[in-house]
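According to the working numbering, the stretch in the sequence shown is residues -6 to 327, in order.
For every residue, glycine included, the Cβ atom is placed at its ideal position computed from N, Cα and C.
Owing to the predicted nature of the structure, the values given are computational and were not obtained by experimental measurement.
A quick write-up on the structure given underneath.
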Amino acid sequence: MNHSDTKETAGFITVSSSGMILDFSYHLLQITGLSAIHILDQPLDLFLLQATWERLQAQPTGTLTLLNPEITCIEFHYQIHETRLADQKTFQITLKPKDEERQPASFTSLDNDWLLMNKIFAHDLREPLRKILLYIDMIRGNTQNQITAESLMLLQVTNDQSYQALQLLDSIRQYTSFATNEKRTLKSIDLNEMVEKSWLRVSDENGLNTTVLEKTQLPVIKGQGTMIQTLFYQLLDNSAKFAHPSRPLQIRIEAELHSQSVEIRILDNGIGFDDRYKEDIFRLFNQLNRNSPGYGAGLAFCKKIVESHQGKIVAHSIPQKGTVLTITLPLHSR
């Protein structure tokens, strides 16, 4: 392999015959932002956008898209080779980045400001915090250091606060990535597949039975796959996090087709909220319940994603009864 081939290769993933991830290259983790602890021994299908391991086996070469839980999505050329790992039949998927084709973009000065902010959030502000966390771990992990119980407690508080700041920065970075007017590549998106993959992750993270969710048949729309996947993940995760403690959670997704659009309703029987706050819940870092998990960014993401697809999202709720989120999306790009 020559130098240029090495530079272009993103790495590899080794999977079992059933599609479980057994090994991967560190370089791939760096490019995608995926975490080793989250992907090892997990089904490859969890990280594929609009594809499955079964489909890849049927077509040993082509393109695929890896989906990161943190809303990052990268397209690759792939080749599958049969290998062996500890006398077990396995498959190695070699990946090379694919330059994403985008529609011509028209940037305003405001868009450029957003992009600059996104760069600052992604690196300039994250890096000092990341180093603080690293140094704290080094201090705590060095058995030669004589640290009092009080100092250890202060280090832990500093660690927790730094990690929280890092999470907030990541949320702002993601939010600004949806806020520009950059024209993204729109493709045919099967909403049924988007919901199924999102729910698989949500149910696994929250320890829910997959039968909690019911849905009607959803249409195919023109959209940006990563963003639509994120939209349904955030909406379903929101229902799971705010389940009512005294009754089993139930979530239903309904769709009503119109000539140029689809109206999607996500209904749950969770704790609900006062309908006076139905607009506040879509504001960034606005939490109605300060004791709830997260930072109040999920529904703000959803609003930006829907608006970037020329759609709208509204909420209605009754305290202790449940919530209905209604999304209207165009069937075709405008």
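- Message: By the DSSP assignment, the alpha helix (DSSP H) with Phe294 in it spans what residues?
- Response: Looking at the DSSP string, the run of the alpha helix (DSSP H) that includes Phe294 is Gly291 to Ser301.
- Query: Start and end of the beta strand (DSSP E) containing Lys234?
  - Reply: From DSSP, Lys234 is part of no beta strand (DSSP E) but of the alpha helix (DSSP H) over Gly218 to Lys234.
- Item | Nonlocal neighbours in the same chain, by C-beta distance under 6 Å from Glu249, ignoring five residues either side | Glu256
- Query: How would you write the range of the beta strand (DSSP E) that Ser9 sits in, first residue to last?
  - Reply: Gly4 to Ser9
- Task: Measure the CB-CB distance between Leu242 and Gly263 and report whether it falls below 9 Å.
- Result: Yes. Within cutoff.
- Determine, using beta carbons only, whether Ile14 and Gln35 come nearer to each other than 9 Å. yes
- Item | The beta strand (DSSP E) enclosing Val255, as first and last residue numbers | Counting along the chain, the beta strand (DSSP E) containing Val255 begins and ends at Ser254 to Asp261.
- Message: Alpha carbons only, please: which of Gln154, Gln72, Leu211 and Lys271 is nearest the one belonging to Val317?
- Response: Lys271
- Where the beta strand (DSSP E) through Val307 begins and ends: Val307 -> beta strand (DSSP E) spans Lys305 to Ile311.
- Where the beta strand (DSSP E) through Lys314 begins and ends: Element bounds for Lys314: n/a, residue is neither H nor E.
- Counting along the chain, where does the alpha helix (DSSP H) carrying Ala51 start and finish? Trp46 to Ala51
- Message: Three Cβ pairs or more, each shorter than 8 Å: is that satisfied between the segment 177 to 190 and the segment 154 to 161?
- Response: No contact exists between the segment 177 to 190 and the segment 154 to 161.
- Item | Backbone CA spacing between Ala308 and Ile298 [nearest angstrom] | 15 Å
- Item | Span of the beta strand (DSSP E) around Leu57 | Thr54 to Leu60 is the span of the beta strand (DSSP E), which, as asked, contains Leu57.
- Distance between Arg269 and Thr204 (C-alpha atoms, nearest Å): 32 Å
- Message: Looking at Leu292: is its Cβ nearer than 9 Å to the Cβ of Asn231?
- Response: yes
- Any idea if Leu27 is buried or exposed, counting beta-carbon neighbours within 10 angstroms, 16 or more meaning buried? Buried.
- To which residues does DSSP link Ala158 through a beta bridge? Answer by DSSP bridge pairing: none, since Ala158 is not bridged.
- Beta-carbon proximity check, Ser191 vs Leu229, cutoff 9 Å: yes
- Work out the CA separation of Tyr226 and Val195 for me, nearest whole Å. Note on geometry: alpha-carbon atoms of Val195 and Tyr226 lie some 7 Å from one another.
- Query: For Pro121, which three-state DSSP category applies?
  - Reply: helix
- Task: Have a look at the DSSP bridge pairing and note the partners of Ser18.
- Result: DSSP lists no partner for Ser18.
- Message: Along the chain, where does the beta strand (DSSP E) containing Lys208 start, and where does it finish?
- Response: Leu206 to Lys208
- Item | Inter-residue spacing [alpha-carbon to alpha-carbon] between Gln96 and Gln217 | Caution applies to Gln96, whose pLDDT of 38 falls short of 50 and renders its modelled position unreliable; the value that the coordinates give is listed next. So the alpha carbons of these two residues sit roughly 12 Å apart.
- Cα-Cα separation between Leu206 and Ile246, rounded to whole angstroms: C-alpha separation (whole angstroms): 8 Å.
- Query: Using the C-alpha atoms, what's the distance from Ile320 back to Ile244?
  - Reply: 15 Å
- Item | Counterpart residues of Lys89 in DSSP-defined beta bridges | His70
- Message: Which residue marks the beginning of the beta strand (DSSP E) containing Glu189, and which one marks its end?
- Response: Not the beta strand (DSSP E): Glu189 falls in the alpha helix (DSSP H), residues Leu184 to Asn199.
- Please name the residue, chosen from Ala29, Thr54, Ser10 and Leu211, that lies closest to Leu370 on a Cα-to-Cα basis. Because the chain is modelled from -6 through 327, residue 370 falls outside the range shown and cannot be assessed.
- Query: Closest to Thr219 by CA distance: which of Asp273, Glu198, Gln81 and His302 is it?
  - Reply: Among Asp273, Glu198, Gln81 and His302, the Cα nearest to that of Thr219 is on His302.
- Could you work out which residue in Ala233, Gln210, Ile214 and Lys215 is closest to Leu193 when comparing CA atoms only? Ala233
- Out of Val150, Thr76, Leu42 and Ser254, which has the shortest C-alpha to C-alpha gap to Ile214? Ser254
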